[in-house]
Every structure is written in structure tokens, then in C-alpha cells.
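Report on the structure given below.
In C-alpha cells, the structure reads:
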């Protein structure tokens, strides 16, 4: 699983994303001991720009109200690192000395928008031994004093290019720009970063959101007293959006990519790689399961490669891109209809009610389930929702 990125070598493609799991050198050290290939520090600021985070600041999103129901996302209103820069400089030096075979990136930020601040934080992290810089222009909370309230720097291509150029002018190590999904055209921002000299792109940061409302106090959650604000959604809920962003960037921008967003197992990691990413970063899954999740990530990827007779992830990278087409082409593809296997059908009736209330009223049920192939338009809802694996399939009718 050994791989390279921007000329840097990793033992595996799994990195910790900037966030609570990388809030200190001691935490990153424990992660490296568990087997992570690399890590990105929590976003570091100059001491004059450090901002405290609200408390509480995290909200767990579950599929149901029960506290034991599955988690599909986190929402946070957390800011960057509150640790003094001098402590980070010591941590970076210590980590580079102790873990020469692990990749250490520093996430850097600035809220004032001044060239000298961006360049100073970049140089100090670089001089401490960071192997690459990840420019955070994508925090969903906003906070930059030169931007409209709540707007991420990375929503503006010109501002993204300007900051990227400032950092590149003093950097002697790779510069990675972390992009926001909260933008109409992520490719235009990626191209702006590329034109300004960025060496790579990481995508995506969290999705701006409101997690829910306390219906007794009418306060958005998580609440600080009786107030809250829009924050960043992460985890499984944003994985499809992240995959789309990476695919678009792979097709539209000629830079190496790091995929971020909703990686929860080795399958979701490989999905990013198949769409063009070289590495993946993970945060929320670690907040749920701890650093030990790396074991199943590495084992799963190794088993997949072995079963597919593949030597390394280079043989996977970008493989799915050729099978992305425009919607008009898909509309003109051969028509399919649903076909049911009555030998395995449990007669639960779910497909009947779904087709009646959300489909084409093509399915009826008597002693067996029947599908009218003239009425069926092949939407696939019945096959997707059938509780019996393989009972309903979609077959071509030319």
C-alpha cells in the first residue's frame, strides 16, 4: 500500500484530516503509532489570530431519536487550533524526528486576509519541518474579517488565487489548497488555485448546515445558551457530495487530489481513489471509532487489491471516471424494466405500495407479485428498496 503524493512517500494512503483528532502533537503521535500513513494538523494560526471555539460545539446526527441509532453525521461550530504557535513548532519538529516515515502536513489559516500573516504562518510551519502546507480557505463558519459574515474564503476564486500565490511565493514545500463544497462551481476555484501555483487540492471541507431545532426552545443545535449559528456537516451524510466534487476536480483540474468527506470504511476510501484521488483524509469516523479504525482500513484495502490481482492503488486511481456520462447520453441508453423472482419473493408488499405511491403503478400483488412491463419505466425504486437481496433486478428490453 506504499504510495507517493507530490513526491512525498507514505506507507499507506490513509491520513487524518485536520480536526479534533489532530489537535496536538501527542494525539498525532498516538495515531502514527497505530499505523496511520499521515496526518494534517488542526488549522494553525498566528498567536494574534487564534480564536476560542464555542462550547458546546458538536452535534451528533442519528437516523432516529434513540441514542443507540446509527450516526450519519456530525455538525460542528468549532474553530481552528487554540494552541500557541510555539507549541506547534515544537510538536512538528518532534513528530518529524520520531516518525520520519509518516507524512505530516500542517493546515494553516488566517482571518485577517493580510499577505504578511499568511506568509509568516506558512514559513514558520515550513521551517519547523512540515512536509507540505494545506491552506484552509474553506472553513464553513467564515470568520475571515475581510469576507462577508459566514462566507468561506474559498467561495471566491480570486481571493483563493491571491492567497495561494502569497503562500507559494515563500514555500519550498508542496502547497495544497483545501476547497469548500459550499460553492456553485468548485472547478473554477480549483483552476484558480492551480493557476496561482498550487501543487495539489484537497476536497471537501464540511458542508454549511443547521443540524436541527430544539422544538421546546426553538434553538438551532448545538446551542450556546439559547443561540447557535450555521456550522459544518461532516460524516456519511456528505460522502456523495464529496465524491462528486473529487470527480469534477479530477476531470477539470490537472492537479493531484486528496479525497475528504464521509470515509467510514475501506470501500468508501476506494471510491475516492477510483474517482481520481491519490490519498484520503478521515476525521468524523475517527471521532466515532477512534484511531483503531486504521486496522480495518488497511486490511480491507489490502484484501481488495489482492482479490483483484492489483499491485497497488495506482491501478485503481481514476478507473471510474471513464464511466461518468452526461444525463442526455444516459436518457438515450437502452430501456430497462423491473423483473421479480417469485421464488425468493417474501410477498411483503413493499414494492407494490412504493410503485403505487412513488412510481408508475406497474406492480400488483395477488398470489404472486406481477410487474406490467409496458407500464414500468425502470426507475429502480422497487429494486433499491426490496428487503430480499437479488429478488428484483433491472433487465434490458432494448
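Residue numbers (the working numbering): 642 to 1039. Using N, Cα and C, we set each Cβ at its ideal position, and we do this for glycine too.
Alpha-carbon to alpha-carbon, residue j and residue i
i, j, result
"residue 942", "residue 908", "8 Å"
"residue 944", "residue 642", "11 Å"
"residue 709", "residue 740", "38 Å"
"residue 790", "residue 985", "Caution applies to residue 790, whose pLDDT of 46 falls short of 50 and renders its modelled position unreliable; the value that the coordinates give is listed next. Each residue's Cα considered, the two are about 57 Å apart."
"residue 914", "residue 653", "13 Å"
"residue 1000", "residue 1011", "15 Å"
"residue 833", "residue 844", "15 Å"
"residue 1044", "residue 900", "One cannot answer for residue 1044 here, as it falls past the ends of the chain, which runs 642 to 1039."
"residue 1024", "residue 1002", "15 Å"
"residue 854", "residue 731", "42 Å"
"residue 772", "residue 725", "20 Å"
"residue 935", "residue 982", "40 Å"
"residue 875", "residue 778", "17 Å"
"residue 878", "residue 742", "33 Å"
"residue 666", "residue 684", "13 Å"
"residue 884", "residue 687", "33 Å"
"residue 894", "residue 722", "30 Å"
"residue 939", "residue 906", "10 Å"
"residue 933", "residue 701", "20 Å"
"residue 831", "residue 837", "10 Å"
"residue 805", "residue 829", "14 Å"
"residue 669", "residue 951", "31 Å"
"residue 1032", "residue 948", "27 Å"
"residue 634", "residue 754", "The first residue shown for the chain is 642 and the last is 1039, placing residue 634 beyond what the model contains."
"residue 678", "residue 693", "30 Å"
"residue 729", "residue 866", "32 Å"
"residue 648", "residue 840", "10 Å"
"residue 858", "residue 674", "45 Å"
"residue 860", "residue 750", "30 Å"
"residue 868", "residue 646", "43 Å"
Proximity winner among the options, relative to residue i (alpha-carbon distances)
i, options, result
"residue 672", "892, 948, 923, 757", "923"
"residue 903", "846, 953, 853", "846"
"residue 691", "841, 879, 758", "758"
"residue 972", "674, 931, 1019, 899", "1019"
"residue 638", "661, 727, 705", "Limits of the chain in this structure are 642 at one end and 1039 at the other, which puts residue 638 out of reach."
"residue 781", "751, 753, 848, 773", "848"
"residue 1007", "987, 1021, 650", "987"
"residue 775", "745, 796, 754, 753", "745"
"residue 892", "938, 711, 958", "958"
"residue 910", "770, 657, 694, 728", "657"
"residue 651", "882, 953, 979, 1032", "953"
"residue 713", "1036, 856, 926, 675", "926"
"residue 882", "864, 820, 837, 870", "820"
"residue 727", "870, 715, 831, 768", "768"
"residue 720", "707, 1032, 695", "695"
"residue 997", "980, 1009, 1022", "1022"
"residue 979", "1037, 951, 793, 669", "1037"
"residue 770", "815, 880, 707, 857", "815"
"residue 880", "822, 858, 868, 1032", "822"
"residue 807", "756, 864, 951", "756"
"residue 937", "655, 858, 865", "655"
"residue 912", "870, 960, 856, 863", "960"
CB contact flag (residue i, residue j, <8 Å)
i, j, result
"residue 682", "residue 663", "yes"
"residue 851", "residue 817", "no"
"residue 886", "residue 968", "no"
"residue 795", "residue 824", "yes"
"residue 962", "residue 916", "yes"
"residue 697", "residue 704", "no"
"residue 872", "residue 717", "yes"
"residue 680", "residue 748", "no"
"residue 896", "residue 835", "yes"
"residue 928", "residue 715", "yes"
"residue 888", "residue 995", "no"
Beta carbon proximity, residue i to chain B, threshold 8 Å
i, result
"residue 1035", "Judged by its chain identifiers, the structure shown contains no chain B, having just a single protein chain."
* Would the stretch 795-809 and the stretch 723-743 be scored as touching if the rule is three or more Cβ pairs under 8 Å? -> Counting C-beta pairs with one atom in each stretch, the stretch 795-809 and the stretch 723-743 have fewer than three that are closer than 8 Å, which means they do not touch.
* Evaluate contact between the stretch 752-766 and the stretch 810-818, counting only Cβ atoms and requiring at least three cross-stretch pairs below 8 Å. => Touching, per the Cβ criterion.
* In chain order, each beta strand (DSSP E) run of at least 3 residues that lies wholly inside the stretch 906-948 -> Every beta strand (DSSP E) stretch that sits fully inside the stretch 906-948 and reaches 3 residues is listed by chain position as 920-923.
* Asked: Do the stretch 990-1009 and the stretch 1021-1034 meet, that is, are 3 or more Cβ pairs less than 8 Å apart?
  -> The stretch 990-1009 vs the stretch 1021-1034: in contact.
* Asked: Does the pairing of the stretch 960-975 with the stretch 1000-1018 give three or more beta-carbon distances under 8 Å?
  -> By the Cβ criterion, the stretch 960-975 is not in contact with the stretch 1000-1018, since fewer than three pairs of Cβ atoms, one from each stretch, lie closer than 8 Å.
* Tell me the start and end of each unbroken beta strand (DSSP E) in the stretch 741-788 that is at least 3 residues and wholly inside, in chain order. => 744-749, 773-777, all fully within the stretch 741-788.
* Asked: Taking the runs of the alpha helix (DSSP H) that are 4 residues or longer, which of them lie wholly in the stretch 687-744?
  -> Within the stretch 687-744, the complete alpha helix (DSSP H) runs of at least 4 residues fall at 726-739.
* Asked: What are the complete beta strand (DSSP E) segments, minimum 3 residues, inside the stretch 653-677?
  -> The qualifying runs are 655-657.
* **Whole alpha helix (DSSP H) elements within the stretch 859-914, 4-residue minimum** => Within the stretch 859-914, the complete alpha helix (DSSP H) runs of at least 4 residues are 880-893.
* Mind listing, in chain order, the continuous alpha helix (DSSP H) runs of no fewer than 4 residues lying wholly within the stretch 949-977? => Listed in chain order, they are 968-972.
* Along the chain, which unbroken stretches of the beta strand (DSSP E) at least 3 residues long are found entirely within the stretch 807-848? -> DSSP runs (the beta strand (DSSP E)) wholly in the stretch 807-848: 816-820, 841-844.
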